[in-house]
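Take 1003 as the starting number for the sequence shown in the working numbering and just add one per residue. Built from N, CA and C at the ideal position, the CB exists for glycine as well. Structure, as structure tokens:
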Amino acid sequence: MDPRSEVLLRQAELFAGPLLLAGLPADDLLGHLPNAHGWSWHAGDQVALASRFSGRSHFGVTPPNVEFDAAVLFLPKSRELTDYLLSALAAQLDGRELFLVGEKRAGIERAAKQLSAFGRTGKLDSARHCQLWQARVEQAPPTPDLEALAQRYSLELGDGPLTIVSLPGVFSHGRLDSGSALLLEHLDNLPSGHLLDFGCGAGVLGAVLKRRYPDSQVTLLDVDAFAAASSRLTLAANDLRAEVISGDGIAAAPTELSAILSNPPFHQGVHTHYQATENLLRQATEHLQRNGQLRLVANSFLKYPPLIEQHLGPCQTLAEAKGFRIYQANKG
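Have a look at this one:
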């Protein structure tokens, strides 16, 4: 059981009625709270929850259309995303309780100040290195317009400007990160066919690929619903058409790809995880056609070449700058 869930269950009498659990972990919490419904924006967690608690968890960037008398937000990493989620929940809880739970090292005490915008707050519990806070919503705010909270910026590229639309919580929110910038400089001579932007974020790479290779099919994949929504907004802002899918890792990707391109993530919340990228390197060959190519950018300190060569083929370093390297390998 996730320690945040354990803290909630220490106060289980507060959560007996209709309850919405926003950003809940994929554990057994719904089994302990029979009147609760989940809202997840992590595709992997949603699959796990749906398989165990059919019909009791919603996936997306807006709250589900279900009745609830109270809500609990599991603190996300992003402060901007926390603002949006608290507002979206408080908008439906006039005069009722809104709870916030999170790890101390994730900044729960800071986030409690964000909670205080909706009513007087109080700390209910502190255990398992987590805290639980409560506020009664004194005056419900208007339902937030998520798209209005997006940050937009322009990339000046060789074939003209490209508009990027980034929603709260999405990787490198409102700016182009150094790794992606390096990868954008090395997108020449890709094989024709079906291209995949793995871990698409705000859709920077996928949009560039579709504009540079208009005759290729392009798919953008991310585990996060807010990233997928951002990518759709980025494509629309540039009048581009491509498929955007939500899924947990490379296993969710199409097969017979001509190339997989990625600035793969290695952070999840306050913890560091390399599993998604390592799975990509191990399983890329299952999704690439013969002679298909993997091209990715990664921090130089990450020892990916041996894994690439073990599972795909000889690994070539195309470029190195500002602590990043671009690796390329072809399926034999």
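- In the DSSP annotation of this structure, the continuous segment of the alpha helix (DSSP H) that includes residue 1228 starts and ends at 1227–1239.
- Residue pairing by DSSP leaves residue 1292 without any beta bridge partner.
- Listed in chain order, the alpha helix (DSSP H) elements of length 4 or more contained wholly in the segment 1188–1215 are 1206–1214.
- Selection 1136, 1003 and 1129 evaluated against residue 1119 yields 1136 as nearest (Cα-Cα).
- Residue pairing by DSSP leaves residue 1145 without any beta bridge partner.
- With respect to the C-alpha of residue 1153, the residue from 1224, 1130 and 1229 having the closest C-alpha is 1229.
- Beta-bridge pairing by DSSP links residue 1167 to 1154.
- Under the three-state reduction of DSSP output, residue 1260 falls in the strand class.
- Ranked by Cα distance from residue 1149, the first of 1130, 1096, 1134 and 1172 is 1172.
- Residue 1106 sits in a helix when the DSSP states are folded into three classes.
- Under the three-state reduction of DSSP output, residue 1059 falls in the strand class.
- Contact between residue 1222 and residue 1233 holds, with the beta-carbon distance rounding to 5 Å and staying under 8 Å.
- In the DSSP assignment, residue 1327 falls within the beta strand (DSSP E) that extends over 1326–1332.
- Straight through space, the alpha carbons of residue 1113 and residue 1125 are spaced by roughly 12 Å.
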